[in-house]
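Enquirer:
Numbering (this note's numbering), first residue to last: 3 to 238.
(1) Are there three or more Cβ pairs, one per stretch, closer than 8 Å when the stretch 98-111 is compared with the stretch 170-183?
(2) Quick one: what's got a C-beta closer than 7 Å to residue 173's C-beta in the same chain, skipping five residues either side?
(3) According to DSSP, residue 210 sits in a beta bridge with which residue or residues?
(4) Tell me residue 228's beta-bridge partners as DSSP assigns them.
(5) Do you know whose CA, among 227, 187 and 65, lies nearest residue 167's CA?
(6) Using the C-alpha atoms, what's the distance from residue 193 back to residue 202?
(7) Check each candidate in 145, 211 and 135 and name the one with the smallest Cα separation from residue 112.
(8) Would you call residue 28 buried or exposed, if buried means 16 or more other Cβ atoms sit within 10 Å of its Cβ?
(9) Assuming residue 14 is part of the alpha helix (DSSP H), what are its boundary residues?
(10) Alpha carbon to alpha carbon, what distance is there between residue 165 and residue 159?
(11) Report the rounded CA-to-CA distance for residue 89 versus residue 16, giving the unit in angstroms.
(12) Please return the same chain residues whose Cβ sits closer than 8 Å to the Cβ of residue 230, not counting the five positions on each side in sequence.
(13) Compute the Euclidean distance between the alpha carbons of residue 58 and residue 204, then round it to the nearest angstrom.
(14) Using beta-carbon positions only, say whether residue 163 and residue 197 come within less than 8 Å of one another.
(15) At what residues does the beta strand (DSSP E) containing residue 138 begin and finish?
(16) The beta strand (DSSP E) that contains residue 121, what's its start and end?
(17) With DSSP as the reference, label residue 72 as helix, strand or coil.
(18) Run through DSSP, which three-state label would residue 236 get?
(19) Suppose contacts are defined by Cβ-Cβ distances below 8 Å. Is residue 25 in contact with residue 73 by that definition?
(20) Just curious, the beta strand (DSSP E) that residue 158 is in, first and last residue?
(21) Going by alpha carbons, who is nearest to residue 143 out of 237, 93 and 130?
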């Protein structure tokens, strides 16, 4: 008999595992040495299915450590290769919800910037186009509502640059709630960053049918300023 998972499972078959990533857990091993999601999931599958030996778990996309929400992992090398190809060909849809300070200049819009990463400080900055090492970053945003000095945004991520959403929104004067790295002037230490992977969509690596993994943020402040139904409708 299969044991229950320690994680909230959004989708599972022989090829894929879709889960809700817990906040503040690194996706893969990093310099902190803290336990990471990839190895936690391997252990979880091994225990639930009583599998001997090593368990394959392929990482095809990432979320920043403080960010939670929908993620998909590959359970076979073939699935990993095909999902990675979907990412490369922009056939991998990523929708986020976030709460920011203030309000963007328009109800919806596209942000196109050149971002440069400083690996030594693990920070990213907006730089002039053509800057050596800079990479183009594109996202679309829609304002879903504004209350008490905050705005709830839907983000369609068109490129997958490091810290992209956090940096681009901060650059227009709308730092994310709780983001200490790119909004230290308006956030307090200890606040949880309000960025959530709400939808991940892609063609199944074997059946080719469209798969959508959906996860809503917890009903805690500041997310609770807006009804869950609004968030559900926004990502459909």
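C-beta atoms are modelled at their ideal positions from N, C-alpha and C, and glycine is treated no differently. In this text, all values refer to a predicted model and were calculated from it rather than measured experimentally.
Expert: So, from the listed chains and residues:
(1) yes
(2) Position 171 of the chain shown, counted from the first residue, corresponds to residue 173. Cβ within range, chain order: 115 and 128.
(3) Residue mapping note: residue 210 aligns to position 208 of the chain shown, counting from 1. None, per the DSSP bridge assignment.
(4) Locating residue 228 in the chain shown gives position 226, counting from the first residue. None; residue 228 has no bridge partner.
(5) Residue mapping note: residue 167 aligns to position 165 of the chain shown, counting from 1. Per the Cα distances, 65.
(6) The residue labelled residue 202 in the question sits at position 200 within the chain shown. The residue labelled residue 193 in the question sits at position 191 within the chain shown. Between residue 202 and residue 193, the C-alpha separation is close to 26 Å.
(7) In the chain shown, residue 112 corresponds to position 110, counting from 1. Minimum Cα distance to residue 112 is reached at 145.
(8) In the chain shown, residue 28 corresponds to position 26, counting from 1. Buried.
(9) Locating residue 14 in the chain shown gives position 12, counting from the first residue. Residue 14 -> not in any alpha helix (DSSP H); beta strand (DSSP E) instead, spanning 11-14.
(10) The residue labelled residue 159 in the question sits at position 157 within the chain shown. The residue labelled residue 165 in the question sits at position 163 within the chain shown. Approximately 12 Å, taken between the alpha carbons.
(11) Stepping through the chain shown from its first residue, residue 89 is reached at position 87. Stepping through the chain shown from its first residue, residue 16 is reached at position 14. Near 20 Å, if we compare the C-alpha coordinates of residue 16 and residue 89.
(12) Sequence index remark: in the chain shown, residue 230 carries index 228 (1-based). Closer than 8 Å at the Cβ level, and outside the excluded window around residue 230, lie 218 and 221.
(13) Sequence index remark: in the chain shown, residue 58 carries index 56 (1-based). Sequence index remark: in the chain shown, residue 204 carries index 202 (1-based). So the alpha carbons of these two residues sit roughly 20 Å apart.
(14) Position 161 of the chain shown, counting from 1, holds the residue named residue 163. Position 195 of the chain shown, counting from 1, holds the residue named residue 197. Not a contact, by the Cβ cut-off of 8 Å.
(15) Translated into the one-based positions of the chain shown, residue 138 becomes position 136. Note, residue 138: beta strand (DSSP E), 137-149.
(16) Residue numbering aside, residue 121 sits at position 119 when the chain shown is read from its first letter. Run containing residue 121: none; DSSP gives neither H nor E here.
(17) Within the chain shown, residue 72 is the residue found at index 70, counting from 1. Of the three classes helix, strand and coil, the one that applies to residue 72 here is strand, per DSSP.
(18) Taking the first residue of the chain shown as position 1, residue 236 is located at position 234. Here residue 236 sits in helix by DSSP.
(19) For the purposes of this step, residue 25 is taken as residue 23 along the chain shown, with counting starting at 1. For the purposes of this step, residue 73 is taken as residue 71 along the chain shown, with counting starting at 1. No, these two residues do not count as a Cβ contact at 8 Å.
(20) Translated into the one-based positions of the chain shown, residue 158 becomes position 156. Its beta strand (DSSP E) spans residues 152-159.
(21) In the chain shown, residue 143 corresponds to position 141, counting from 1. Nearest C-alpha to residue 143: 237.
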